[in-house]
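Asker: Numbering (our numbering), first residue to last: 202 to 393. Idealized CB from N, CA, C, for every residue including glycine.
(1) Going by C-alpha distance, which of 361, 388, 385, 303 is nearest residue 248?
(2) Can you tell me whether residue 238 is buried or exposed, with buried defined as 16 or more other CB within 10 angstroms of its CB?
(3) So, for residue 306: in the same chain, excluding its five sequence neighbours on each side, which residues have a beta-carbon less than 6 Å away from its beta-carbon?
(4) Exposed or buried, what is residue 213 when buried is set at 16 or more other beta-carbons lying within 10 Å of its beta-carbon?
(5) What are the boundary residues of the beta strand (DSSP E) that includes residue 373?
(6) Counting only runs of 3+ residues fully inside the region 324–365, write out the beta strand (DSSP E) ranges in chain order.
(7) Could you check what DSSP says for residue 382 in three-state terms: helix, strand or coil?
(8) Identify the continuous alpha helix (DSSP H) that holds residue 278 and give its terminal residues.
(9) By a C-beta neighbour count over all protein chains shown, 10 Å radius and 16 as the cutoff for buried, is residue 270 buried or exposed?
(10) Pair every Cβ in the region 219–239 with every Cβ in the region 365–377, then say whether three or more of these pairs are closer than 8 Å.
(11) Give a yes or no on contact between the region 342–355 and the region 370–385, applying the rule of three or more CB pairs nearer than 8 Å.
(12) Can you look up residue 243 in the DSSP assignment and give me helix, strand or coil?
(13) What residue range is occupied by the uninterrupted beta strand (DSSP E) comprising residue 206?
(14) Of the residues 256, 229, 228, 227, which one's Cα is nearest the Cα of residue 241?
(15) Which two residues bound the contiguous beta strand (DSSP E) that contains residue 301?
(16) On a CA-only basis, which of 204, 245, 253, 336 is nearest residue 226? Give me that one, please.
(17) Would you list the one or two residues that DSSP bridges to residue 390?
(18) Quick one, which of 253, 209, 246 has its alpha-carbon nearest residue 359's?
(19) Quick check: what's the CA-CA separation for residue 243 versus residue 340?
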């Protein structure tokens, strides 16, 4: 795969390229080392493209883990200890179960404060990663900048329907603007 586009959100390009130069080189190296053709294993059952071979997001994600984990990158979970406010008429808060809710960052480099998310899903997940999850991880003192890796339109067209893409995401972030709680994020658009 290769990086074919980048988008600077809230000064992310400058911060990542200066403060996290070595980590950005590792991410770039991992992207370049992935042979996407090996991940085109999903056979579509969708009405619009039955029987067509598509890129498998789960296989692509496994490739990122295979390449980044040996370099000291790890996924990082934080537990969600929900605080309940006053209930309204008839609402009963959920009971705690043995399965504890959590939020996960795909990759954080040991000892560094750079969070990386790889997203081959719906548009809402891309927005959530950059506009909510990365802010939460910053507020917890775990990161101070982020990288979001997403497919460009050409690549997303070779996946299941509904996968969002770089061009749409960059446009929406531009139209949204930057909030005072947003952190610097470099958005990388990748292609097979």
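Answerer: Taking the structure as given:
(1) 361
(2) exposed
(3) 277, 316, 338
(4) buried
(5) From DSSP, residue 373 is part of no beta strand (DSSP E) but of the alpha helix (DSSP H) over 367–377.
(6) 346–352
(7) coil
(8) Where residue 278 is concerned, there is no enclosing alpha helix (DSSP H), although the beta strand (DSSP E) it sits in stretches over 274–280.
(9) exposed
(10) no
(11) yes
(12) strand
(13) 203–210
(14) 256
(15) Unbroken run through residue 301: none, as it is neither H nor E.
(16) 204
(17) 206, 351
(18) 253
(19) 38 Å
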